[in-house]
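One structure is given below, encoded as structure tokens.
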Amino acid sequence: MNKNFVCRFGGLVASLALGFSALAAESFRPPSVPLVACNPYFSIWSPADALTGADTTHWTGKAQRLTGLVRIDGKTFRLMGKEPSAIPALPQTQLEVLPTRTIYSFAGEGVNVTLTFMTATLPEDLDILSRPVTYLTWDCSATDGQKHSIETYFDASSELAVNTPDQTVVWSAEKMSGVSALKVGSQDQRVLGQSGDDLRIDWGYLYVAAASGQKALLASVDAAAGREAFAKSGKLSASVASSVSERQPATAAPVSALVLRFGEVGEKPVSRWMMLAYDDLYSIQYMKKNLRPYWRRNGWEAADLLKAAAHDYDSLKLRCETFDRELVADLTGAGGENYAHLGALAFRQCFAAGVFVADGNGQPLQFCKENHSNGCISTSDVFYPMSPQFLLFGPSVAKSFIVPFMNYAASERWKFPFAPHDLGTYPKANGQVYGDGERGVNNQMPVEESGNLLCLFAAVGEMEGNANFAGLYWKQLEQWAAYLKEKGFDPEKQLCTDDFAGHLAHNVNLSAKAICGLGSFAKLCELRGDQAKADEYYQLARDAAQRWVKEADDGDHFRLAFDRPGTWSQKYNLVWDKVLGLNLFPAEVARKEMDFYRKMQNDYGLPLDNRETYTKLDWITWTATLTQNREDFDALIASVIHFINSTPNRSPMTDWYETKTAKKVGFTARPVVGGVFMRMLYEKAIWQKYAQRDQVKAANWAPIPKPPIVTVVIPAADKAAAKWHYTTAQPGADWTKASFDASNWPEGWSGFGVRDTPGALPHTTWNTSDIWLRRDVELAPEQLKDIALWFHHDDDAEVYINGVLALDAGGFVGRYDYFPLTEQGKAALKAGKNTIAIHCHQTGGGQYVDLGFVDVKPN
Numbered sequence: 127m128n129k130n131f132v133c134r135f136g137g138l139v140a141s142l143a144l145g146f147s148a149l150a151a152e153s154f155r156p157p158s159v160p161l162v163a164c165n166p167y168f169s170i171w172s173p174a175d176a177l178t179g180a181d182t183t184h185w186t187g188k189a190q191r192l193t194g195l196v197r198i199d200g201k202t203f204r205l206m207g208k209e210p211s212a213i214p215a216l217p218q219t220q221l222e223v224l225p226t227r228t229i230y231s232f233a234g235e236g237v238n239v240t241l242t243f244m245t246a247t248l249p250e251d252l253d254i255l256s257r258p259v260t261y262l263t264w265d266c267s268a269t270d271g272q273k274h275s276i277e278t279y280f281d282a283s284s285e286l287a288v289n290t291p292d293q294t295v296v297w298s299a300e301k302m303s304g305v306s307a308l309k310v311g312s313q314d315q316r317v318l319g320q321s322g323d324d325l326r327i328d329w330g331y332l333y334v335a336a337a338s339g340q341k342a343l344l345a346s347v348d349a350a351a352g353r354e355a356f357a358k359s360g361k362l363s364a365s366v367a368s369s370v371s372e373r374q375p376a377t378a379a380p381v382s383a384l385v386l387r388f389g390e391v392g393e394k395p396v397s398r399w400m401m402l403a404y405d406d407l408y409s410i411q412y413m414k415k416n417l418r419p420y421w422r423r424n425g426w427e428a429a430d431l432l433k434a435a436a437h438d439y440d441s442l443k444l445r446c447e448t449f450d451r452e453l454v455a456d457l458t459g460a461g462g463e464n465y466a467h468l469g470a471l472a473f474r475q476c477f478a479a480g481v482f483v484a485d486g487n488g489q490p491l492q493f494c495k496e497n498h499s500n501g502c503i504s505t506s507d508v509f510y511p512m513s514p515q516f517l518l519f520g521p522s523v524a525k526s527f528i529v530p531f532m533n534y535a536a537s538e539r540w541k542f543p544f545a546p547h548d549l550g551t552y553p554k555a556n557g558q559v560y561g562d563g564e565r566g567v568n569n570q571m572p573v574e575e576s577g578n579l580l581c582l583f584a585a586v587g588e589m590e591g592n593a594n595f596a597g598l599y600w601k602q603l604e605q606w607a608a609y610l611k612e613k614g615f616d617p618e619k620q621l622c623t624d625d626f627a628g629h630l631a632h633n634v635n636l637s638a639k640a641i642c643g644l645g646s647f648a649k650l651c652e653l654r655g656d657q658a659k660a661d662e663y664y665q666l667a668r669d670a671a672q673r674w675v676k677e678a679d680d681g682d683h684f685r686l687a688f689d690r691p692g693t694w695s696q697k698y699n700l701v702w703d704k705v706l707g708l709n710l711f712p713a714e715v716a717r718k719e720m721d722f723y724r725k726m727q728n729d730y731g732l733p734l735d736n737r738e739t740y741t742k743l744d745w746i747t748w749t750a751t752l753t754q755n756r757e758d759f760d761a762l763i764a765s766v767i768h769f770i771n772s773t774p775n776r777s778p779m780t781d782w783y784e785t786k787t788a789k790k791v792g793f794t795a796r797p798v799v800g801g802v803f804m805r806m807l808y809e810k811a812i813w814q815k816y817a818q819r820d821q822v823k824a825a826n827w828a829p830i831p832k833p834p835i836v837t838v839v840i841p842a843a844d845k846a847a848a849k850w851h852y853t854t855a856q857p858g859a860d861w862t863k864a865s866f867d868a869s870n871w872p873e874g875w876s877g878f879g880v881r882d883t884p885g886a887l888p889h890t891t892w893n894t895s896d897i898w899l900r901r902d903v904e905l906a907p908e909q910l911k912d913i914a915l916w917f918h919h920d921d922d923a924e925v926y927i928n929g930v931l932a933l934d935a936g937g938f939v940g941r942y943d944y945f946p947l948t949e950q951g952k953a954a955l956k957a958g959k960n961t962i963a964i965h966c967h968q969t970g971g972g973q974y975v976d977l978g979f980v981d982v983k984p985n
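If you're matching positions, the sequence shown starts at 127 in the working numbering and goes up one per residue.
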């Protein structure tokens with residue numbers, strides 16, 4: 127670590143730490159620092175100790191460069207980014223990561239400069255929390271008794287508005303009442319046009335903006351010229367004309383640059399600020415209906431967002447400071463200073479891994495993204511570990527991620543007696559893609575997901591003191607409780623949330639979840655006034671818990687699986703027994719497990735179980751709470767802090783890592799770190815304090831959107847396989863055209879890919895990086911009006927009709943689905959013979975491609 131780098135809360139928590147019997151605290155070093163933390167597509171991090179130590183990136187690690195300079199008495203220094211490398215960095219003296227702010231401090235040339243990134247994630251106020259706006263504030267003051275002339279420079283690369291840097295962009299200058307802005311976006315604007323994991327947004331528009339009172343200069347400038355001009359004169363170079371933008375890929379396009387002038391600065395601090403915002407137009411597709419971001423629900427446009435954000439700056443600054451101070455104090459009181467550091471970082475990452483949208487009634491729905499695992503949206507075993515952060519802050523945020531999931535589970539599409547796994551692939555929540563999806567039971571997680579939802583509904587009931595919310599979905603909850611009654615105690619061979627560890631039968635921790643799920647259902651029955659059913663399920667749960675204690679016992683601990691002596695695992699699912707007041711398991715269970723865990727810890731954490739030395743950060747923070755003993759909690763959390771400070775992987779916080787080496791195994795920037803807040807749910811007064819601040823009072827959610835009527839026109843392999851010509855070698859330039867001769871290409875039956883790709887039905891193996899396909903189809907005139915593609919792609923694919931691009935689909939989908947044609951593609955279709963040409967490119971994981979045609983009519 128750089129010896130000049132200090133990460134701390136300063137005096138904010140120093141007095142609170144006194145009196146706690148914590149282990150010696152390490153200085154906290156985030157592996158990567160959150161700068162812009164709004165949603166999965168607007169999430170920018172600094173992967174270094176110093177803000178000038180690395181270029182900023184999207185959470186996926188791809189470049190999304192922000193650059194900052196300061197000019198002090200004519201001398202220029204870097205504040206942010208590695209470039210221009212010829213300009214020296216102003217020494218950084220401190221870093222604070224707080225729940226809503228990241229604060230960097232610099233000193234040199236007789237001046238202190240503080241740069242604060244503030245994203246107003248105030249959970250009681252979803253109007254504010256949902257705004258995709260981050261404020262950057264510079265505070266400058268003299269330290270030598272002299273006056274100093276100061277200007278600051280900021281620029282944002284056009285990379286922020288595209289998925290890949292070769293995509294072309296357009297830009298413009300915008301004027302609105304009280305605000306000036308620079309706007310940049312992709313030329314193609316494929317709104318919600320791609321789904322998958324390692325993707326960045328390529329629709330909507332980035333805004334670099336300043337209020338009129340900030341004395342800002344704004345221009346779209348060549349990066350090198352703009353920075354050079356600022357270094358020489360404190361001004362900007364000439365704007366690049368937008369008329370040339372259509373020829374510019376993002377890396378060659380101008381940057382959106384802003385200069386703030388501070389004048390002569392003395393000991394009294396002078397402050398200037400700006401806004402970085404992203405209007406994505408539509409955020410989520412839910413059951414084929416495109417949903418607006420929550421902040422847009424009353425008809426707002428980008429101009430309304432920026433004007434409101436500028437107007438609210440002073441009040442939000444005060445509210446964020448107050449919120450940070452209070453939450454850090456509560457975290458410190460519950461778990462010590464380093465737990466507060468961990469909680470602040472987790473808070474930022476968790477909210478940035480999802481997005482709030484408005485349903486048809488204007489009510490808030492939240493969709494989380496399974497970042498860096500498979501890109502699924504609204505995954506039950508991801509929002510289950512995420513839930514403590516949402517539960518802590520009240521009914522509206524807690525219900526926001528449950529409602530869209532439950533509406534799907536209650537629909538006629540979900541035909542199984544257990545809960546679903548997911549809603550699709552982000553940002554398209556059109557139905558489960560994991561395992562067999564809606565088709566069958568292979569690779570489902572029946573006990574896992576059913577237990578998850580029962581526990582979560584009971585937690586909402588505990589918070590509200592009633593089961594009214596559960597009553598909306600009582601049929602499903604009864605069904606899942608009955609399933610756990612039959613199947614939960616000794617689970618058959620199946621996956622659980624830790625699916626990377628593989629299938630496991632007789633899973634003791636999964637059994638504990640089922641038992642807590644039965645107890646949760648009993649609690650809900652009791653809250654509904656059905657004491658007879660409550661007594662029945664409480665007795666079932668108590669009997670199962672007694673049997674569990676006996677059959678899982680392995681001497682000084684409890685087993686990984688009932689039939690495997692000499693094994694062990696973390697029993698993190700037991701947390702609900704105390705959080706919900708179920709009291710199913712004797713206290714000796716947690717005590718015995720914790721004593722064993724403390725003997726089994728490695729330097730960087732407690733392994734997940736005896737099979738491997740890797741662990742899950744979220745589950746350690748749950749396991750640490752089991753005894754409600756501060757010494758135990760500190761012992762387990764200290765190893766997590768040691769991991770965070772030591773890991774060589776400079777990415778947003780992982781939740782899956784090696785406990786002997788501190789190296790990341792996988793998973794980055796996932797919302798599951800909201801599980802760090804499980805400790806706070808034991809503090810009932812604190813939980814109620816935050817929950818009662820809910821301003822939204824969400825209710826009367828819209829029903830699930832009605833799906834359109836889809837009729838097969840030309841079947842794909844999910845109905846009937848077809849022959850295609852294909853090649854895995856780069857074809858000639860005219861390969862998409864009807865006149866191209868592909869008769870020498872091999873023929874194969876659709877679909878093309880490899881087994882175990884989600885939703886795939888491969889008849890012809892394709893396991894290379896690329897495949898090109900051609901086929902002729904016959905269409906009747908009456909079939910052309912409402913025609914769409916019936917397509918499954920994994921990964922990036924382009925579809926051509928008679929030589930015209932009809933679909934450009936990035937990422938992957940995980941299931942067959944319909945896709946509208948581009949206007950040009952639909953125009954290219956004709957009655958009679960049509961030549962269909964497809965290119966699919968494999969980027970990682972599964973691979974598959976297949977296509978048919980369907981007729982799509984509104985329902």
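In this text, a Cβ means the ideal position worked out from N, Cα and C, and glycines have one as well.
Counting C-beta atoms within 10 angstroms of its own C-beta, Glu-908 has fewer than 16 neighbours from the protein chains shown and is therefore classed as exposed. Around the beta carbon of Thr-891, fewer than 16 other beta carbons sit within 10 angstroms, so the residue counts as exposed. Pairing Ala-764 with Leu-518, the inter-Cα distance amounts to about 23 Å. Using a Cβ distance threshold of 8 Å, Ile-641 and Pro-156 do not count as a contacting pair. In the structure shown, Ala-923 falls within a strand segment according to DSSP collapsed to helix, strand and coil. Taking a cut-off of 8 Å on C-beta distances, the segment 270-278 does not touch the segment 462-480, as fewer than three cross pairs fall below it.
About 5 Å separates the beta carbons of Ala-268 and Glu-393, which is inside the 8 Å limit, making them a contact pair. Within a 10 Å sphere around the beta-carbon of Gln-821 sit fewer than 16 other beta-carbons, which makes this residue exposed. In this structure, Ala-584 lies near Leu-706, with their beta-carbon atoms less than 8 Å apart.
A residue is called buried once 16 or more other Cβ atoms fall within 10 Å of its Cβ, and Thr-448, having fewer, is exposed. Only buried fits Val-701, as 16 or more other CB atoms lie within 10 angstroms of its CB. Here Asp-934 is not near Arg-326, since their CB atoms are 8 Å or more apart. Sequence-distant Cβ neighbours of Glu-277 in its own chain, meaning closer than 8 Å and more than five residues away, are Val-196, Arg-197, Phe-356, Gly-360, Val-385, Leu-386, Arg-387, Phe-388. For Thr-862, the closest of Asp-902, Asn-893, Val-839, Ala-843 by C-alpha to C-alpha distance is Asp-902. By the C-beta criterion, the segment 594-608 is judged not to be in contact with the segment 712-721, since fewer than 3 inter-stretch pairs fall below 8 Å.
For Val-839, the closest C-alpha among the options Met-532, Asp-981, Asp-744 is that of Asp-981. Closest in alpha carbon position to Leu-708, among Cys-494, Tyr-808, Asp-781, is Tyr-808.
Under the 8 Å Cβ criterion, the segment 732-739 does not count as touching the segment 490-510, having fewer than three qualifying pairs. In terms of Cα proximity to Pro-380, the closest of Gly-858, Ser-409, Val-347, Arg-418 is Val-347.
Scanning Asn-699, Tyr-698, Asp-682 for the CA closest to the CA of Gly-692 turns up Asp-682. Membership of Phe-759 in the alpha helix (DSSP H) is indicated by the continuous run 756-772. In the assembly as shown, Leu-610 is a buried residue. Its beta-carbon has 16 or more other beta-carbons within 10 Å.
Pro-984 and Ala-287 have their C-alpha atoms some 32 Å from each other. Under the Cβ criterion (8 Å, minimum of three pairs), the segment 451-460 does not count as touching the segment 481-488.
Taking C-beta separations shorter than 6 Å and ignoring five residues to either side along the sequence, the partners of Ala-868 in its chain run His-851, Arg-900, following chain order.
Counted as a single uninterrupted DSSP element, the beta strand (DSSP E) harbouring Pro-490 occupies residues 490-494. Secondary structure within the segment 515-585: the alpha helix (DSSP H) runs of 4 or more consecutive residues, fully enclosed, are 521-526, 528-535 (chain order). Every alpha helix (DSSP H) of 4 residues or more that sits fully in the segment 680-730 is shown, in chain order, as 701-705, 713-726.
Proximity to Leu-630 across Ala-687, Glu-575, Val-766, Phe-938 peaks at Ala-687, based on C-alpha coordinates.
Linking Glu-285 to Asp-405 through their CA atoms gives a straight-line distance of about 15 Å. In terms of CA proximity to Tyr-167, Glu-496 leads the group Glu-496, Lys-414, Gly-236, Glu-222.
Per DSSP, Ser-895 lies in no beta strand (DSSP E) segment and is marked neither H nor E. Cβ-Cβ separation between Tyr-420 and Ser-256: approximately 4 Å, consistent with a contact (criterion under 8 Å). Between Glu-222 and Ile-229, the beta carbon gap of about 4 Å places them in contact (Cβ cut-off 8 Å). Between Trp-540 and Ala-750, the alpha-carbon positions lie close to 36 Å from each other. With a cutoff of 8 Å on beta-carbon distance, Val-162 and Leu-332 are scored as not near each other.
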